[in-house]
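Undergrad: This is the structure I want to talk about, given as structure tokens.
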């Protein structure tokens, strides 16, 4: 009988990481050409707010702005997936009378459908119906599954949907979506002021996500509290935005922030969204960063 272990190939040693060769800094001509395409109005906002005295400092501030926007991506994407899945699960359970965690609660032709209106209703109809022809819309022969519908809905759908729930619906559904919300009993969600506070929080996160997706500077004061007069205050404002997202994740599922805080995304954000990182980028924008 042959020894099966002898057929197992040996485990190779892990390759030793090799640092990439250092690249030369861009020449003055290259820097000027790049800045011309980025455009003066866009760069002037950085020059003024970050008090840049040289083009090197200016491009450093700009590169930091890119980096800090990118450092939000892991937590924003986690938030979007967790929120939409929590809403879908508990909307499904409510509409199906606890028989299904993936139910077409959005289908307004069904008697148990939950309310959608305006652009939210239009987004649902685009998924369930063929494009209009002669003013009529035919139901698609093959209907997408509830999971497919939920995955196709935009980030902005969810706050608007939650805002449109009736008082009876939101007492049950919001309590289940956010079981760890402070003082978030079903009765808590019967009051409009409490619901509006939650929706305002969700829409502020939506606004941050849209700024990142559309390549807008995330640090601008009018996008934060409006009171930031120095870039160091904007750094603090961005850290507060990050903390807001962590709060919502905590309200939905406390295990999610625990997982995020051992990820590269957490470490990257806490390196980049600091005053030390701003100063480093402005001083030596072409140096490699961890």
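Numbering (my numbering), first residue to last: 2 to 291. C-beta atoms are modelled at their ideal positions from N, C-alpha and C, and glycine is treated no differently.
For residue 241, report the span of its alpha helix (DSSP H) as first-last.
TA: Residue 241 -> alpha helix (DSSP H) spans 232-253.
Undergrad: Just to confirm the assignment: which complete beta strand (DSSP E) runs, minimum length 3, are found wholly within the region 95-158?
TA: Runs of the beta strand (DSSP E) inside the region 95-158: none found.
Undergrad: Are residue 182 and residue 255 close, meaning C-beta to C-beta below 7 Å?
TA: The answer is no: Cβ separation not under 7 Å.
Undergrad: Just to confirm, are residue 236 and residue 276 a CB contact at a threshold of 7 Å?
TA: Yes, Cβ-Cβ distance for residue 236 and residue 276 is below 7 Å.
Undergrad: Please report the distance separating the alpha-carbon of residue 163 from that of residue 200.
TA: Using only the alpha carbons, I get a separation of about 8 Å.
Undergrad: Could you have a look at residue 163 and say whether DSSP puts it in helix, strand or coil?
TA: Of the three classes helix, strand and coil, the one that applies to residue 163 here is helix, per DSSP.
Undergrad: Between residue 279 and residue 76, what straight-line distance do the alpha-carbon atoms span, to the nearest angstrom?
TA: C-alpha separation (whole angstroms): 21 Å.
Undergrad: Measure from the alpha carbon of residue 118 to the alpha carbon of each residue in 231, 99 and 160, then state which is nearest.
TA: Taking only the C-alpha atoms, the option nearest residue 118 is 160.
Undergrad: Tell me which same chain residues have a C-beta within less than 6 Å of the C-beta of residue 282, skipping the five on either side of it?
TA: Excluding positions up to five away in sequence, the list reads 61, 64 and 65.
Undergrad: By a C-beta neighbour count over all protein chains shown, 10 Å radius and 16 as the cutoff for buried, is residue 92 buried or exposed?
TA: Label assigned to residue 92: buried.
Undergrad: Just to confirm my understanding: we take residue 6, look at its own chain, exclude 5 residues before and 5 after, and list those with CB closer than 7 Å. What are they?
TA: Note that residue 6 scores 48 on pLDDT, short of 50, meaning its location in the model is unreliable; the coordinates nonetheless yield the value given after this. Within the same chain, residue 6 has no close Cβ partners at all.
Undergrad: Using CA atoms only, rank isn't needed, just tell me which of 240, 251, 97 and 252 is closest to residue 269.
TA: With distances taken between Cα atoms, residue 269 lies closest to 240.
Undergrad: Taking 7 Å as the cut-off, decide whether the C-beta atoms of residue 46 and residue 287 are in contact.
TA: Going by C-beta atoms, residue 46 is not nearer than 7 Å to residue 287.
Undergrad: Using CA coordinates, which residue listed in 136, 126, 151 and 39 is at the minimum distance from residue 89?
TA: Minimum Cα distance to residue 89 is reached at 151.
Undergrad: Using the C-alpha atoms, what's the distance from residue 36 back to residue 232?
TA: Cα-Cα distance, rounded: 21 Å.
Undergrad: Between 175, 198, 194 and 193, which has its C-alpha nearest residue 187's C-alpha?
TA: It is 175.
Undergrad: Would residue 80 be called buried (16 or more neighbouring beta carbons within 10 Å of its own) or exposed?
TA: Answer is buried; the Cβ neighbour count reaches 16.
Undergrad: Spatial neighbours of residue 32 within its chain, please: CB distance less than 7 Å, with the 5 preceding and 5 following residues excluded, ordered by chain position.
TA: Once the five neighbours on either side are set aside, the close Cβ partners of residue 32 are 56 and 60.
Undergrad: Take residue 116 and list the residues in its own chain whose beta-carbon comes closer than 6 Å to its own, dropping the five residues that flank it on each side.
TA: Cβ within range, chain order: 165.
Undergrad: Please report how far the alpha carbon of residue 172 lies from the alpha carbon of residue 54, in whole angstroms.
TA: Distance between the alpha carbons of residue 172 and residue 54: 55 Å.
Undergrad: Going by DSSP in three states, residue 194 sits in which element: helix, strand or coil?
TA: DSSP places residue 194 in helix when its eight states are reduced to three.
Undergrad: Excluding sequence positions up to five away, which residues of its chain have a Cβ less than 7 Å from the Cβ of residue 218?
TA: So the list reads 46 and 66, once near-sequence residues are dropped.
Undergrad: Check the C-beta distance from residue 108 over to residue 94 and give it rounded, since I have them as a contact under 8 Å.
TA: Not quite, the Cβ-Cβ distance comes to about 16 Å (not below 8 Å), so this is no contact.
Undergrad: Can you give me the C-alpha to C-alpha distance between residue 169 and residue 157, rounded to a whole angstrom?
TA: About 23 Å.
Undergrad: Could you tell me if residue 258 is buried or exposed, where buried requires 16 or more neighbouring beta carbons within 10 angstroms of its beta carbon?
TA: The residue in question, residue 258, is buried, as its Cβ has 16 or more Cβ neighbours within 10 Å.
Undergrad: Is the beta carbon of residue 141 less than 7 Å from the beta carbon of residue 131?
TA: In this structure, residue 131 lies closer than 7 Å to residue 141 by Cβ.
Undergrad: Go ahead and label residue 69 buried or exposed: buried means 16 or more other beta carbons lie within 10 angstroms of its beta carbon, across all protein chains shown.
TA: So residue 69 ends up on the buried side.
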